[in-house]
Amino acid sequence: MNILVLGSGGREHTFAYKIAASERCSQLFVAPGNAGTASIATNLPLSVTDFDAIKKAVLEHAIEMVVIGPEDPLVQGVYDFFKEDADLKQVKVVGPSKRGALLEGSKERAKEFMSQHNIPTAAYESFTSKSLEAGKQFLETLKPPYVLKADGLAAGKGVLILNNLDEAKQELENMLAHSKFGEASSKVVIEEFLDGIELSVFVLTDGKDYKILPTAKDYKRIGEGDQGLNTGGMGAISPVPFANREFMQKIEERIVKPTVNGLMEENIDYKGFVFIGLIKVDDNPYVIEYNVRMGDPETEVVLPRIQTDLVSLLEATATQNLSKISLEIDERAATTVMVVSGGYPEAYEKGKEISGIEKVEDSIVFHAGTTLKEEKVVTNGGRVIAVTSLDKDFRKALKKSYQEIEKLSFDKMYYRTDIGFDL
Ligand code: AMP
Ligand code: GLY
């Protein structure tokens, strides 16, 4: 079948890589894609939120299945757009409906969903500009650190963790009264701080059944030792060594089942990925957040470990046949290290020529922010390339990623040398 992947990052190159390798894929399109996807698929120069342009492309190229990478089109209702359109409703869409996507689109909605379905998470209250004073009073009842979350999508920047009460009150005011994160912070969730180690669990659901995909841990800060500014993610490891069988059972019983059942009880049309951000406190899992898509760079370590044909798995998701398919996982560990533009996550330059990609032999190069300029691969974003390796354990895999990365170069290239340091 002809397939379209929406998005342009390392996540989407990884999806394209696995889909292109499937015998079930005839023609593969990626919109808008990057230099990596251009080498294995046809890139279409479309914005992921321009639904009319997507419709035109789907009809023109006889696309039968669409896989949505990022959250924006999902939160804006791309699934519903397909299902409500007479010409598009037969197309298989992997991604939740707009109501489902609210689990990521609104932190308050996610918290309400968790409390309704008894899913363990941090205690919270939410506030608007009208209840700013009540919010400040609520902060006084908490112990530091204080966790403030903009309700809406804020490109991963909407969560503030502050040690000082006065600072927390000031930031609450900045968010609610001075639109620190624009419309996204017109509502703010204040929550209890949970002290523990984080991991992510990925679930694929067709709205009736589910498969738990490999776990992963990402490294969000720009600097070594997980210091400095937050980024989209500087590297990832799968599986997470401390997520043993017993802990995974707790996650499945207390979190995955109530999540999938909760979606069903609320009649939410959800055929796609649920990315559950968790924190382990003592020996118990708590949900920090839901995302309604795969993570990036987590995808770069999760998908390479899936041995089941990905097109069949995605089709079974979209057609509610997941129970009929078995999930085979590669026992090896996977690691990815993200190579970024100097300056990221603040200002950085684009258009730097990247050399050495063709010399990488023992790892897989997934392109993120790259593009083609006069047939040369050049940088086109903050996160540029993810170098993924598989081996018996994560230390061996990491060693490979780091050896192969040395073959790459571009002006002001940077990467963290300590991925996995805390494990
Ligand atoms: P989120 O965007 O909700 O994933 O939050 C971003 C980051 O803030 C998470 O990855 C955690 O490191 C941290 N965080 C969020 N909520 C809490 C919490 N309740 N307790 C401790 N850390 C948190
Ligand atoms: N790596 C975190 C995310 O994709 O949200």
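Anchor point for the sequence shown: position 20 equals 8 in our numbering, and the numbering is continuous, going up by one each time.
Just so it is clear, CB atoms sit at the ideal spot from N, CA and C, and this is done for glycine as well.
Quick check: does the Cβ of Gly223 come within less than 6 Å of any heavy atom belonging to ligand 4? As far as ligands go, the structure on display features ligand 1 and ligand 2 and does not contain ligand 4.
Kindly indicate which residue of Tyr67, Ala23, Ala306 and Ser226 has the alpha-carbon position closest to the one of Ile342. Ala23
Using a threshold of 6 Å, is the CB atom of Ile185 nearer than that to any non-hydrogen atom of ligand 1? No.
Mind checking which residues open and close the alpha helix (DSSP H) that includes Pro61? Pro61: member of the alpha helix (DSSP H) spanning Glu59 to Val63, first to last residue.
Out of curiosity, what's the CA-to-CA distance linking Gly344 and Ala322? 22 Å
Where the beta strand (DSSP E) containing Leu360 begins and where it ends: Thr358 to Lys361
Are there any heavy atoms of ligand 1 lying less than 6 Å away from the beta-carbon of Leu291, as far as the coordinates show? Of the heavy atoms belonging to ligand 1, none sits nearer than 6 Å to the Cβ of Leu291.
Below 6 Å, is the gap between the Cβ of Asp206 and the nearest heavy atom of ligand 2? yes
Alpha-carbon to alpha-carbon, Asp206 and Gly220: 9 Å
Nearest to Ile243 (by Cα), restricted to the options Lys168, Gly223 and Ile107: Ile107
Secondary structure at Ser114, three-state DSSP: helix, strand or coil? strand
Take the Cβ of Lys259 as the centre, count every other Cβ of all protein chains shown within 10 Å, and call the residue buried at 16 or more, exposed below. For Lys259, the number of other beta carbons within 10 angstroms of its own is at least 16, and it is reported as buried.
What first and last residue would you give for the alpha helix (DSSP H) that runs through Arg87? From DSSP, the alpha helix (DSSP H) with Arg87 extends over Lys86 to Gly93.
Could you check the C-alpha separation between Leu164 and Ser117 for me, to the nearest Å? 5 Å
DSSP three-state assignment for Arg97, whether helix, strand or coil: helix
Considering only the alpha carbon of each residue, which of Ile352, Ser167 and Pro273 lies closest to Asp139? Ser167
Answer yes or no: the CB of Gln357 versus the heavy atoms of ligand 2, is any distance below 6 Å? The question names Gln, but residue 357 in the sequence shown is Gly. No.
Taking buried to mean at least 16 other C-beta atoms within 10 Å of its own C-beta, is Ala172 buried or exposed? Ala172 is buried by the Cβ-count criterion.
For Ser343, which beta-bridge partners are listed by DSSP? Ser397
Please determine whether the Cβ atom of Glu277 lies at a distance below 6 Å from any heavy atom of ligand 1. yes
Count the CB pairs spanning the region 270 to 285 and the region 87 to 105 that are closer than 8 Å, and state whether there are at least three. The answer is yes - the region 87 to 105 touches the region 270 to 285, with three or more Cβ pairs under 8 Å.
Secondary structure at Gly(-2), three-state DSSP: helix, strand or coil? helix
Where does the unbroken alpha helix (DSSP H) through Gln158 begin, and where does it stop? Leu153 to Ala165
For Glu52 and Leu201, the rounded distance between their alpha carbons: CA-CA distance, Leu201 to Glu52, rounds to 24 Å.
Would the beta-carbon of Val228 be found less than 6 Å away from any heavy atom of ligand 1? no
Continuous alpha helix (DSSP H) assignments of at least 4 residues falling wholly in the region 217 to 243: 233 to 239
Which of the three DSSP states, helix, strand or coil, is assigned to Met(-11)? coil
Taking all protein chains shown into account, decide if Gly144 is buried (16 or more other Cβ within 10 angstroms of its Cβ) or exposed. exposed
CB-CB under 6 Å to Ser94, same chain, minus the five flanking residues each way: which ones, in chain order? Asp139
Member of Phe181, Glu337, Val325 and Ser329 whose CA lies at the smallest distance from the CA of Lys268: Phe181
Here's the rule I'm using: 16 or more other beta-carbon atoms within 10 Å means buried, otherwise exposed. How should Leu160 be labelled? buried
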